[in-house]
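Comments concern the structure below.
Residue numbers (the working numbering), protein chains in the order written: chain A, 1 to 110; chain B, 1 to 77.
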């Protein structure tokens, strides 16, 4: 049986506490929005897994229906979709992202 | 393909008729915008849902012909 894209994405999302779907890699982001998402996670000293959607067309398209969200980056914490880079920035600036990571017991300072 | 700020505002207000929409052309190239959308329809909804409502109003253009739209949503004070 072939694994559906949704199952693949679900597997990736569940594979780490924090997962960022982005364009490029944390060292070499290929888009300003992805770059901003990486910068926020780095500031918060969060351990996270990243997925470069540019390397996988199936995930690049599939992630949009998975979350009903049309753009990349997308952040997942403990399997829950949190939002894109605008929401990340708003939450970061309000101190909400830090609070949420603490509340969820996400490892820091890796 | 780029969109004009008027077109973006028109679409958002078609989907959210009470919305106050402020659009800034960030790079002056007609391709990188910031939008601040204020609507009573957002009240009590999580941010993800608020943004999804704006994206729904844009009828699939987001992530396609509209590449870069920095979005801020809020309910009126």
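A virtual CB, placed ideally from N, CA and C, is assigned to each residue, including glycine.
Collapsed DSSP secondary structure at residue i in the structure displayed
| i | result |
| --- | --- |
| residue 106 of chain A | coil |
| residue 67 of chain B | coil |
| residue 34 of chain A | helix |
| residue 36 of chain B | strand |
| residue 3 of chain A | coil |
| residue 67 of chain A | helix |
| residue 87 of chain B | Residue coverage of chain B in this structure runs from 1 to 77, which leaves residue 87 of chain B outside it and unanswerable. |
| residue 43 of chain B | coil |
| residue 16 of chain B | coil |
| residue 99 of chain A | helix |
| residue 30 of chain B | coil |
| residue 94 of chain A | coil |
| residue 56 of chain A | coil |
| residue 11 of chain B | helix |
| residue 12 of chain A | helix |
| residue 44 of chain A | coil |
Exposure of residue i, with buried meaning 16 or more beta-carbon neighbours within 10 Å
| i | result |
| --- | --- |
| residue 47 of chain B | buried |
| residue 107 of chain A | exposed |
| residue 50 of chain A | buried |
| residue 83 of chain A | buried |
| residue 71 of chain A | buried |
| residue 67 of chain A | buried |
| residue 43 of chain A | exposed |
Per DSSP, cross-strand counterpart(s) of residue i
| i | result |
| --- | --- |
| residue 29 of chain A | A:24 |
| residue 117 of chain A | Past the boundaries of the shown model lies residue 117 of chain A; chain A is included only from 1 to 110, so the question cannot be answered. |
| residue 83 of chain A | A:75 |
| residue 21 of chain B | B:37 |
| residue 72 of chain B | B:36 |
| residue 62 of chain B | B:66 |
Cβ pair residue i, residue j closer than 8 Å
| i | j | result |
| --- | --- | --- |
| residue 22 of chain A | residue 38 of chain A | yes |
| residue 27 of chain B | residue 69 of chain B | no |
| residue 11 of chain B | residue 58 of chain B | yes |
| residue 36 of chain A | residue 89 of chain A | yes |
| residue 19 of chain B | residue 38 of chain B | yes |
| residue 32 of chain B | residue 87 of chain A | no |
| residue 54 of chain B | residue 73 of chain B | yes |
| residue 19 of chain A | residue 58 of chain A | no |
*asked:* Output needed in chain order: residues of the region 81 to 99 of chain A with a Cβ under 9 Å from some Cβ in chain B.
replied: 81, 82, 83, 84, 85, 86, 87, 89, 90 and 91
*When you check each C-beta in the region 52 to 83 of chain A against every C-beta of chain B, which residues fall closer than 9 Å?*
64, 67, 68, 69, 70, 71, 72, 81, 82 and 83
*Going along the chain, which residues of the region 5 to 32 of chain B sit with their C-beta nearer than 9 Å to a C-beta in chain A?*
32
*asked:* Residues of the region 43 to 57 of chain B in Cβ contact with chain A at a cutoff of 8 Å, in chain order, please.
replied: 47, 48, 51, 52 and 55
*Residues of the region 65 to 76 of chain B whose Cβ lies closer than 8 Å to any Cβ of chain A, in chain order*: 68, 70, 71 and 72
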